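**Q** Attaching a single structure in structure tokens format; questions to follow.
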Amino acid sequence: SQKIEQNSEALNIQEGKTATLTCNYTNYSPAYLQWYRQDPGRGPVFLLLIRENEKEKRKERLKVTFDTTLKQSLFHITASQPADSATYLCALDPSSSGGYNKLIFGAGTRLAVHP
Amino acid sequence: GAGVSQSPRYKVAKRGQDVALRCDPISGHVSLFWYQQALGQGPEFLTYFQNEAQLDKSGLPSDRFFAERPEGSVSTLKIQRTQQEDSAVYLCASSPRTGALTYNEQFFGPGTRLTVL
């Protein structure tokens with residue numbers, strides 16, 4: 086069956102450290118993958134998009150990698166801050182959506198950054 | 055407004071009642087999506103509109119769920135004869151364009167939390 090897996094347990098790290106979140110998928114061949122942040126009581130907010138022909142993408146303290154052979158994306162937050170505490174969702178287009186970017190989401194990983 | 059808005063933010067319904075959830079997308083956005091998010095889970099796709107046309111309703115759980123976007127802007131998700139399993143957060147998202155290789159980000163509203171008693 087097709088699925089997207091993210092670390093189900095919360096990730097607790099110390100302020101200033103690098104947080105690494107994992108997204109694995111099976112039975113998809115996505116053209117791209119997106120990462121979103123979701124705070125309690127709010128909708129997801131887009132962070133980064135990485136295409137299948139890109140190995141790595143950076144934006145400020147964020148870095149995403151995409152390994153289509155391993156079917157895995159890693160999401161890194163360097164120099165983490167308590168304000169980075171949130172749930173992070175990975176999402177992909179199953180490439181059967183006819184070009185309208187329908188997204189399939191993982192369950193998300195909750196990150197807690199402690200002072 | 056600057057973002058996607060949804061109303062009401064919270065809705066409590068008795069089992070068997072009909073509910074209507076509203077989404078105001080970002081002005082000019084062609085694509086509109088509805089998602090259902092259960093507690094502790096990621097959003098699950100329900101339906102997609104390109105302007106006023108509903109192109110994909112494959113995620114709607116049953117024929118009790120109905121969505122419309124008659125003028126290509128505001129959308130309404132209607133749930134008839136609500137059941138307890140319908141309790142969830144309903145998210146609306148819009149994006150500016152459509153088409154292969156555009157890879158648009160989606161802009162989400164805050165969601166409507168529906169509780170069916």
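Chains A and B, in that order, are what the protein sequence lines are. If you read the first sequence in our numbering, its first letter stands for residue 86, the second for the next number, and so on. If you read the second sequence in our numbering, its first letter stands for residue 55, the second for the next number, and so on. Idealized CB from N, CA, C, for every residue including glycine. Since this is a predicted model, take the numbers as computed values, not measurements.
I'd like the span of the beta strand (DSSP E) that includes K88 (chain A), first residue to last.
**A** Element bounds for K88 (chain A): 88-91.
**Q** Report the neighbours of E159 (chain B) on chain A: residues whose CB is nearer than 8 Å to its CB, in chain order.
**A** Here the neighbours are Q119, F131, L134.
**Q** Determine, using beta carbons only, whether Q138 (chain B) and R69 (chain B) come nearer to each other than 8 Å.
**A** The answer is yes: Cβ separation under 8 Å.
**Q** Express the C-alpha separation of S85 (chain B) and R151 (chain B) in angstroms, rounding to a whole number.
**A** Looking at the two C-alpha atoms, the distance is approximately 6 Å.
**Q** Could you give the first and the last residue of the continuous beta strand (DSSP E) run that contains V143 (chain B)?
**A** Run containing V143 (chain B): 142-149, per the beta strand (DSSP E) assignment.
**Q** Helix, strand or coil for D110 (chain B)? Go by DSSP, reduced to three states.
**A** Strand, per DSSP.
**Q** According to the Cβ coordinates, are E100 (chain A) and P179 (chain A) closer than 8 Å?
**A** It is not a contact, given that the beta carbons lie outside the stated cut-off.
**Q** Run down chain B in chain order and give the residues with a C-beta less than 7 Å from the C-beta of R127 (chain A).
**A** Ordered by position in chain B, the residues that pass the 7 Å Cβ test against R127 (chain A) are P164.
**Q** Helix, strand or coil for D169 (chain A)? Go by DSSP, reduced to three states.
**A** Residue state, collapsed to three classes: helix.
**Q** What is the DSSP secondary structure of E141 (chain A), reduced to helix, strand or coil?
**A** Strand, per DSSP.
**Q** According to DSSP, V84 (chain B) sits in a beta bridge with which residue or residues?
**A** Answer is none; V84 (chain B) lacks a bridge partner.
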